[in-house]
Amino acid sequence: MHVNQTHLGRTDSDAPTLTLIHGWAAENAIWEDWAADHFGERFHVVLLELPGFGHTPALPACPPDALPKAWLDALWEALPDRTHLLGWSLGGLLAQQLAARAQDPATNKHIESLICLASTPRFVQNEGWHKAVSPKLMSDFIQALAIESARVVKQFWNLQLQGSDNARSLMKQLKAHLGKRHLPSYQGLMQGLTLLRDLDNRSLLASLSLPTLWLFGEKDPLIPITLCDTLPTLQPDAKFGVIDGAGHMPFFSHPDATAQAISEFLPV
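Residues 0 to 267 (numbering that gives the first Met the number 0) make up the sequence shown, in order.
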């Protein structure tokens with residue numbers, strides 16, 4: 000399985016590496032310019048494209064309980080041996096899993112720090128976990144995707160900027176970008192939604208010993224900033240930050256503030 004990679008920034012052998020994993024329905028191009036502009040001088044930047052998105056082929060169909068391992072195995076093979084890791088939304092959920100896997104001393108990977116941007120350890124509500132998307136909303140998304148995937152993806156992009164400062168003008172910019180994108184595959188979209196529905200990383204957070212930053216959008220309609228009150232009980236040593244005025248795409252709506260918060264956290 001070949002995961003498409005985009006390489007930016009420094010190319011010298013001494014350069015630290017920063018790897019980015021995008022969210023659902025996106026691709027590397029969504030934040031390529033932002034990553035290059037803000038991190039290219041300090042890091043060798045690697046963007047990983049999720050299965051079925053951008054130029055990465057979709058994985059074959061598999062049972063839902065086998066899906067996390069299939070996606071994580073593909074990303075693991077593409078992950079640099081030593082890197083800081085930044086995951087946005089679904090990419091953050093997957094990054095948490097990769098960070099946990101890398102703590103096994105038998106592996107050949109070392110993740111130096113973890114940044115979860117507009118992400119969560121569990122995307123959907125269940126018993127004891129209410130600061131998340133309702134199961135009905137997720138079920139409706141999955142059912143609608145099977146009928147009209149293009150409409151669902153458009154609705155999702157509109158939702159991500161909802162509440163952001165200057166949301167209307169940002170949506171115009173986003174539409175211009177989306178018109179140039181490589182359309183995601185139906186298989187990738189459905190598998191990604193299944194992972195958003197099923198992944199639950201709450202129990203593994205306490206085992207993560209690497210420096211971790213959780214960075215939220217103040218007005219995110221999908222990931223509530225009240226998680227800042229809950230997550231310290233799951234990961235006491237983590238750091239937390241909020242991008243004022245941002246929705247679910249802080250790097251797009253507030254590029255400088257988001258990059259500054261990440262740069263101040265990174266130890267290099």
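Ideal Cβ positions, reconstructed from N, Cα and C, are used throughout, including at glycine.
The ligand SAM heavy atom lying under 7 Å from the CB of residue i
i    : result
R196 : As far as ligands go, the structure on display features none, and thus does not contain the ligand SAM.
Rounded separation between residue i and residue j - CA only
i    : j    : result
L113 : T257 : 15 Å
Q142 : P15  : 43 Å
G162 : Q259 : 22 Å
E217 : L116 : 12 Å
H129 : L169 : 29 Å
Q234 : G91  : 15 Å
Bounding residues of the alpha helix (DSSP H) (the contiguous stretch that carries residue i)
i   : result
G91 : 89-101
H1  : Here H1 belongs to no alpha helix (DSSP H), and DSSP marks it neither H nor E.
Buried or exposed by the 16-neighbour rule on C-beta atoms within 10 Å, applied to residue i
i    : result
D64  : exposed
H1   : exposed
T18  : buried
R243 : The displayed chain sequence assigns Asp, not Arg, to residue 243. So D243 ends up on the exposed side.
T55  : buried
P266 : exposed
Host beta strand (DSSP E) of residue i (start-end)
i    : result
F269 : The question about residue 269 has no answer, for the chain in this structure spans 0 to 267.
S112 : 109-116
L233 : Per DSSP, L233 belongs to no beta strand (DSSP E); it is in the alpha helix (DSSP H), 226-233.
F251 : Segment 249-252 is the alpha helix (DSSP H) holding F251; no beta strand (DSSP E) there.
W75  : No beta strand (DSSP E) contains W75, which is instead part of the alpha helix (DSSP H) from 66-77.
Of the listed residues the options, nearest to residue i (C-alpha basis)
i    : options                : result
M248 : T211, D236, Q172, S206 : Q172
D13  : A25, R41, E31          : R41
L7   : A205, L89, I29, F38    : F38
G240 : I224, P62, G178        : I224
L89  : G246, L136, D72, L198  : L198
W87  : I146, A145, G22        : G22
Residues sharing a beta bridge with residue i, DSSP
i    : result
T106 : Beta-bridge pairing links T106 to no other residue.
G86  : I20, C115
H37  : Paired residue(s): none; H37 is not in a bridge.
E178 : Checking the sequence shown, residue 178 turns out to be Gly, not Glu. Paired residue(s): none; G178 is not in a bridge.
G8   : H43
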